[in-house]
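Notes follow once the structure below has been shown.
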Amino acid sequence: MKQRIHLLPKGLSIMMITLLLSGCMAESIQFDFQAGACDENIDPMDERNLGVQEVRWIDDTTLEVTAIITIKCAEKIRGGKYEIRDTTITLKYDAPQCEECVFCLCAHKLTYRFGGIDKKEYTFTLERYTP
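All residue numbers for the sequence shown refer to this note's numbering, where the first residue is 105 and numbers rise by one.
Written as structure tokens, this is what we have:
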């Protein structure tokens with residue numbers, strides 16, 4: 105019994121291997137997100153208090169990033185996610201905007217924890233989203 109072997113063009117096979125490897129790397133990252141309650145000790149109007157505050161490696165594959173955001177007092181943070189492109193990590197938080205709410209601002213501490221991530225220098229952006 106003869107077996108037929110189909111070879112892919114070189115460029116296509118390299119692209120398929122790259123896609124497979126990048127899929128494996130994305131699946132190997134364990135992610136945890138936590139959002140704290142309104143912190144009245146943080147001035148929500150002071151720009152120095154906002155954005156990424158701390159980036160800390162727990163070990164060689166675990167990264168923890170702490171950020172402070174400001175939302176209206178009546179708004180709620182429903183969750184978080186991330187996106188990695190090269191060495192940029194976009195930290196996202198789900199907080200639907202309340203247009204009718206009274207203008208009252210509150211600061212919240214967000215913690216993003218990544219396990220199984222390559223230890224290297226990353227840049228971070230922070231983004232509000234609503235699915």
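In this text, a Cβ means the ideal position worked out from N, Cα and C, and glycines have one as well.
ILE175: which of PHE218, ASP147, LYS223 sits nearest, CA to CA? On the sequence shown, residue 175 is found 71 positions in, with the first residue counted as 1. Check the Cα spacing between ILE175 and each of PHE218, ASP147, LYS223: the tightest is with ASP147.
Limits of the beta strand (DSSP E) - the one that ASP163 falls within: Position 59 of the sequence shown, counted from the start, is the residue given in the question as residue 163. Counting along the chain, the beta strand (DSSP E) containing ASP163 begins and ends at 155-163.
Simplified DSSP assignment, three categories, for ARG53: Since the first and last residues shown for the chain are 105 and 235, residue 53 lies out of range.
Buried or exposed, going by whether 16 or more other CB atoms sit within 10 Å of the CB of ILE162? The residue labelled residue 162 in the question sits at position 58 within the sequence shown. ILE162 is exposed by the Cβ-count criterion.
To the nearest angstrom, how far is the alpha carbon of HIS212 from that of ASN153? Numbered from its first residue, the sequence shown carries residue 212 at position 108. Numbered from its first residue, the sequence shown carries residue 153 at position 49. Going from the Cα of HIS212 to the Cα of ASN153 covers about 10 angstroms.
By how many angstroms is the C-alpha of THR227 removed from the C-alpha of CYS142? Numbered from its first residue, the sequence shown carries residue 142 at position 38. Numbered from its first residue, the sequence shown carries residue 227 at position 123. Distance between CYS142 and THR227, taken at the CA atoms: about 26 angstroms.
Reference ARG182, options PHE135, LEU230, THR229, GLY140, closest by Cα: Numbered from its first residue, the sequence shown carries residue 182 at position 78. Checked all of PHE135, LEU230, THR229, GLY140; the closest Cα to ARG182 is GLY140.
Measure the alpha-carbon distance for ALA130 versus THR165 and round it to whole angstroms. Taking the first residue of the sequence shown as 1, we reach residue 130 at position 26. Taking the first residue of the sequence shown as 1, we reach residue 165 at position 61. Only weak support exists for where ALA130 lies, its pLDDT of 48 falling under 50; the coordinates are left without a value.
Compute the distance between the beta-carbons of GLU158 and THR170, then report whether it is under 8 angstroms. In the sequence shown, counting from the first residue as 1, residue 158 sits at position 54. In the sequence shown, counting from the first residue as 1, residue 170 sits at position 66. The Cβ atoms of GLU158 and THR170 sit closer than 8 angstroms to each other.
According to DSSP, residues forming a beta bridge with ILE221: The residue labelled residue 221 in the question sits at position 117 within the sequence shown. Looking at the DSSP assignment, ILE221 forms no beta bridge with any residue, so it has no partner.
What separation, rounded to the nearest whole angstrom, lies between the Cα atoms of ILE133 and THR194? Here residue 133 corresponds to residue number 29 of the sequence shown, with the count starting at 1. Here residue 194 corresponds to residue number 90 of the sequence shown, with the count starting at 1. Looking at the two C-alpha atoms, the distance is approximately 15 angstroms.
For ASP147, name the three-state secondary structure that DSSP assigns. Within the sequence shown, numbered from 1, the residue matching residue 147 stands at position 43. Of the three classes helix, strand and coil, the one that applies to ASP147 here is coil, per DSSP.
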